[in-house]
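Participant:
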Amino acid sequence: MKIKLTVNGKEYLPQITDKEMSLLFYLRNNLKLLSIKNGCNEGSCGACTVIIDGKATPSCTKKMKDMDGKNIITLEALSTKETIHPIQYAYIKEGAVQCGFCTPGMIMSTKALLDKNNNPSEEEIKKALSRNLCRCTGYIKIIKAVQKAAEMIRQGIKEIPRKEIYNQEKNAIGKSIIRVDGLSKVTGELKYADDLYFENMLFTKVLRSEYPHAKILDIDISEALKVEGVFTVLTADDVPGRNGFGLIVPDQPVFADKKVRYIGDVIAAAYAENERIAEKAISKIKVKYEPLPIINTPQEAIKKDAILIHDNEEKSNIFTRMESGRGNVKEGFDNADIILEGDYKTQFIEHAYLEPEAAVAVFEEDGRISIYVGSQGPEDDIRQIASSLNMPSEKIHIAHMPVGGAFGGKEDITVQIIAALGALKTKRPVKFVFTRGESIKSSTKRNAQYLHYKTGIKKDGKITSVQADILAHAGAYASVEEAVILRSVSFGAGPYTIPNVNIRARAAYTNCNPTGAMRGFGNPTVTFASEMQLNRLAEKINMDPFEIRLKNILREGLPTITGERIKSSVGAKACLLAVREALKKTKIPKLAHGWKIGIGIASSYKNVGLGLGIDDSAGAYGEVVDNGNLLLKIGSIDVGQGSDTTMAQIASEVLGWPCSKIIVKSGDSDRDPLGGMTTASRQTFVTGNAVYNMAKNLKMKIFKYISKIFKIDVNDIEIKNSFFYSKSNSKKIISLNDFSKMLNENKTKLFEENRYSAPKTYFSLKEPEKGYKKGEDRLHAAYCFGAQAVIIEVEKETGKVNVLKVIAAHDVGSAINPKSIEGQIEGGIVMGLGYALSEEYKLENGGVITNNFAKLGVRRIGKTPEIESIIIKDPHIEGPFGAKGMSELPLSPVAPAVVSAIHDALGIWLNSIPAKPEKILEALKNKYN
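Each residue of the sequence shown is one higher than the one before, starting from -13 at the first, in our numbering.
(1) Got a sec? Which residues, its chain only, sit under 8 angstroms from residue 138 by beta carbon, not counting five neighbours each side?
(2) My guess is that residue 435 and residue 469 are in contact by the Cβ rule of under 8 angstroms, so how many angstroms apart are they, rounded?
(3) Starting from the N-terminal side, write out each stretch of the alpha helix (DSSP H) that is 4 residues or longer and does not extend beyond the stretch 590 to 665.
(4) Use the C-beta contact count for residue 40: other C-beta atoms within 10 angstroms, 16 or more gives buried, fewer gives exposed.
(5) When DSSP builds the beta bridges, which residues end up paired with residue 386?
(6) When burial is assigned at 16 or more other CB atoms within 10 Å of the CB, is residue 327 buried or exposed?
(7) Taking 8 angstroms as the threshold (C-beta atoms), are residue 873 and residue 519 in contact?
(8) Beta strand (DSSP E) containing residue 438: first to last residue?
(9) Identify which residue in 418, 509 and 377 has its Cα closest to the Cα of residue 225.
(10) To which residues does DSSP link residue 692 through a beta bridge?
(11) With the cut-off set at 8 angstroms, would you say residue 652 and residue 624 are in Cβ contact?
(12) Is residue 190 near residue 405, with beta carbons less than 8 angstroms apart?
(13) Below 8 angstroms, can you find three or more Cβ-Cβ pairs linking the stretch 165 to 174 to the stretch 243 to 257?
(14) Mapping the DSSP letters down to three states, classify residue 422 as helix, strand or coil.
(15) Excluding sequence positions up to five away, which residues of its chain have a Cβ less than 6 angstroms from the Cβ of residue 702?
(16) Please go through the same chain and pick out, in chain order, the residues whose beta-carbon is closer than 6 angstroms to the beta-carbon of residue 479, but skip the five residues on each side of it.
(17) Would residue 221 and residue 257 be called neighbours here (beta carbons separated by less than 8 angstroms)?
(18) Candidates 587, 460, 663 and 285: which alpha carbon is nearest residue 394's?
(19) My output table needs one value for residue 756: the three-state DSSP class, helix, strand or coil.
(20) Starting from the C-beta of residue 745, find all residues in its chain whose C-beta is less than 8 angstroms away, skip the five residues before and the five after it, and write them out in chain order.
(21) Exposed or buried, residue 671, counting other C-beta atoms within 10 Å across all chains shown (16 or more means buried)?
(22) Is it right to say residue 854 is buried, meaning 16 or more other beta carbons lie within 10 angstroms of its own, or is it exposed?
(23) Shortest alpha-carbon distance to residue 523 belongs to which of 323, 789 and 686?
(24) Cutting at 6 angstroms between CB atoms, please list the residues of its own chain near residue 916, excluding the five before and the five after it.
(25) For the candidate residues 65, 679, 437 and 706, whose alpha-carbon lies nearest to that of residue 951?
(26) Looking at C-alpha atoms only, which residue of 331, 796, 414 and 227 is the closest neighbour of residue 188?
(27) Name the one or two DSSP bridge partners that residue 774 has.
(28) Nearest to residue 422 by alpha carbon, out of 341, 292 and 454?
(29) Just to confirm, is the Cβ distance from residue 799 to residue 869 under 8 angstroms?
(30) Can you tell which of 11, 385, 316 and 705 has its C-alpha closest to the C-alpha of residue 350?
(31) Which same chain residues end up closer than 7 angstroms to residue 678 when comparing Cβ atoms and leaving out the 5 residues on each side of it in sequence?
(32) Output needed for residue 492: all residues of its chain with C-beta closer than 6 angstroms, excluding positions within five of it in sequence on either side, in chain order.
(33) For a quick check, are the C-beta atoms of residue 691 and residue 722 less than 8 angstroms apart?
(34) By Cβ distance, which residues of its chain are closer than 8 angstroms to residue 898, with the 5 residues on each side in sequence left out?
(35) Within a Cβ cutoff of 6 angstroms, which residues of the same chain sit near residue 683, ignoring the five residues on either side of it in sequence?
(36) Residue 807 and residue 794 look like a contact to me (Cβ under 8 angstroms); what is the Cβ gap, rounded to whole Å?
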């Protein structure tokens, strides 16, 4: 059938041969309108939103056969080469953009709203954007962006010149400048891995296991190879190197050949002319299995008669054990006036980044393989890919692509090896993109933990002893679970100084998804349990929950539970005091009949940097290039948190170079310095110091050159307003643009490179330890601290909880970009609210129950509370301009604060999350029975 439709003002007459073709597929693949993103392909995320006849609509839900006569507008229509729309400007100005993957859909929903109503209420904004998910921002700044755009439209503003968007200011530190990648994200010009198209490209689909645990008896690919359009089908026999990968232990197979251990295991991959043919080929593969008993929980895994998931020397499913502590816990409990024991449980959590895993691998003419992928750690990718392909590392090139959200989930290998292997075997470009279902089924998760805590205190509130035993799901493979539970035992008693502590943790293999890195990295689970203990104890001795924390709070020079005495930037007390003061000023609303108000608080702290004796280093390169620009190359990966902008601000401040004339390139393994994994809130501290040192040295080189050419004292030179000036007489020397021209004419390159290594750390989780220098050595380079108060309303009859307000104070060292920091706090809090109240990745006998965003319970804009972010500035003596990382911590205190607020309202203590209505009602039933 032939139809006629209008797209961005232009008529098209497509011949529809596939009645199932979606509008999303047509717009992306036929018209190459790549601002439209495929986040779920089922209408639940809103990333593919376009405007159809004036209505915001997910394009994946509409069939092309139904589009006859329709008028469609996509993000591409909103901007020109010279201008952008006020909505686009408002989004970057208000800090409503982080990873950027959801942004095109958000903007289109906003436009549809403002076209009809240019003065919407907050509730109307929430309703209009209710189908659009954002995992990064926490929605607060999106709401502000819509309000800002509405104001501009009411003022008659129709466009903003691009050249006016970025300011030219020096003194960039402490200013909320617009993100360096903001413009490309609001216009849809930024390309992610799935937006890439190469000539002669093949598409990949994989066959995953039917069973969570089984022996593989036979794999027959013969029928799959007969499918027309299939180039090849690969299995374990085709892996030239190691058939295994993993960041710490390479125990996860590229292709399972003898045994499957969870339903995400890959058995074979088909490479074909398009995805539909590849899917058909996969359906033809025949696998014979011998099902094995399924281990669903770590309790089952550690039974003496449990079947082994992995063969190992220990003949055990216990993957790893960790322990931390100091003092003598028995003596501590003997000296306690009150002892409280509690059992707690936390759940699996899906990362739910909006961009599904995607890569394109290209076999280059020189025999190298380039992999275009959005990854948190290109260096680690190269190591694992090279091992499986049996190629030298220098033959593997990670061409870094923007990352559409990660939160730890893109540390592990997913699509990279299978795409690279296909390119190696076929000598053609290969694209491999997960469906949303595949992503949920196969990706790593935040581990579920079972925690037993015993806490002793004196009547005056001083903690005498803490003992904890933790049993964690490791899932089917190692991933980074060892490092995760190591952090659990490191931070398992909170930001307090406690004389006697012992925290033990075990992680056991199960037939569930591997459990790896996720925002907070082992911290949110233990924060929930330890802070719940503290709030329960405060009630027992009738003490204010702020007061009990302040009596035990960690300060400079006092020992942590591992014995470290932190020397600088310990803002734990300041955070608590700030939250307490803000809470006093907060007006508590009057509630309707049947609703109860509740207030809960919690504190936490977390590492900045890898620590634990691991070399933690990163590089930075700067060079004066054409048009007065500074090229800044770094290895750090911006996954939406804004590290590229942070580095530009640091370089700008040191040099005096305007941020608008700094070009940031990051993460490419060929052209950029190595930067290590984006993890552990490390980039501001580690890469930031590399940029600081580089810029300082480059500045001296530049000023010496200017001094020599213009016969002026090197100490009399400064840069401001894109000119070199004489400080003594305020006269212009030369513009940055003319300076670039002069360097080119003189065939001179001015550049500098620096590699920074974080301060030496040690691996010692118990005090005393051989070789440990009390008060001198440290576990991590730095730490960030936070405290939060949550105000809720809960309906007694239904168990429904509405979060009214969150007050959050976080110690960031110094604030490089305050608006960016607020965005991280807000995003972390909303993710934490999901953790506390609604989110859970559920399996039943190894099969996925929560297979989409709705079932996972991911928070939407309609449930966004008021968030008051308080930035505590306690500069770190070793941080760039005193700054340190903080992006992960805001998630951690939310759950214990919420659950404690539920207790404050209803008088019930929940010992597990998420605190769903049915769980609250059951607790109320037990209370009154």
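For every residue, glycine included, the Cβ atom is placed at its ideal position computed from N, Cα and C.
Facilitator: On the basis of the supplied data:
(1) 72, 75 and 76
(2) At roughly 15 angstroms, the Cβ-Cβ gap does not stay under 8 angstroms, so residue 435 and residue 469 are not in contact.
(3) 629 to 641
(4) exposed
(5) 359
(6) exposed
(7) no
(8) 435 to 443
(9) 377
(10) BP columns for residue 692 are empty, so no partner.
(11) yes
(12) yes
(13) no
(14) helix
(15) 712, 713 and 714
(16) 452, 487, 516 and 547
(17) no
(18) 663
(19) Bear in mind that the predicted position of residue 756 carries a pLDDT of just 44, short of 50, making it unreliable; the figure below should be weighed with that in mind. Coil at residue 756, not helix or strand.
(20) 764, 767 and 864
(21) buried
(22) buried
(23) 323
(24) With the chain represented from -13 up to 915, any question about residue 916 goes unanswered, as that position is not in the structure.
(25) Since the displayed the chain opens at -13 and closes at 915, residue 951 lies outside it and no answer follows.
(26) 414
(27) 588 and 794
(28) 341
(29) yes
(30) 385
(31) 636, 640 and 866
(32) 304, 307 and 457
(33) no
(34) 330, 331, 332, 333 and 905
(35) 738
(36) Wrong, their Cβ atoms sit about 11 angstroms apart, outside the cutoff.
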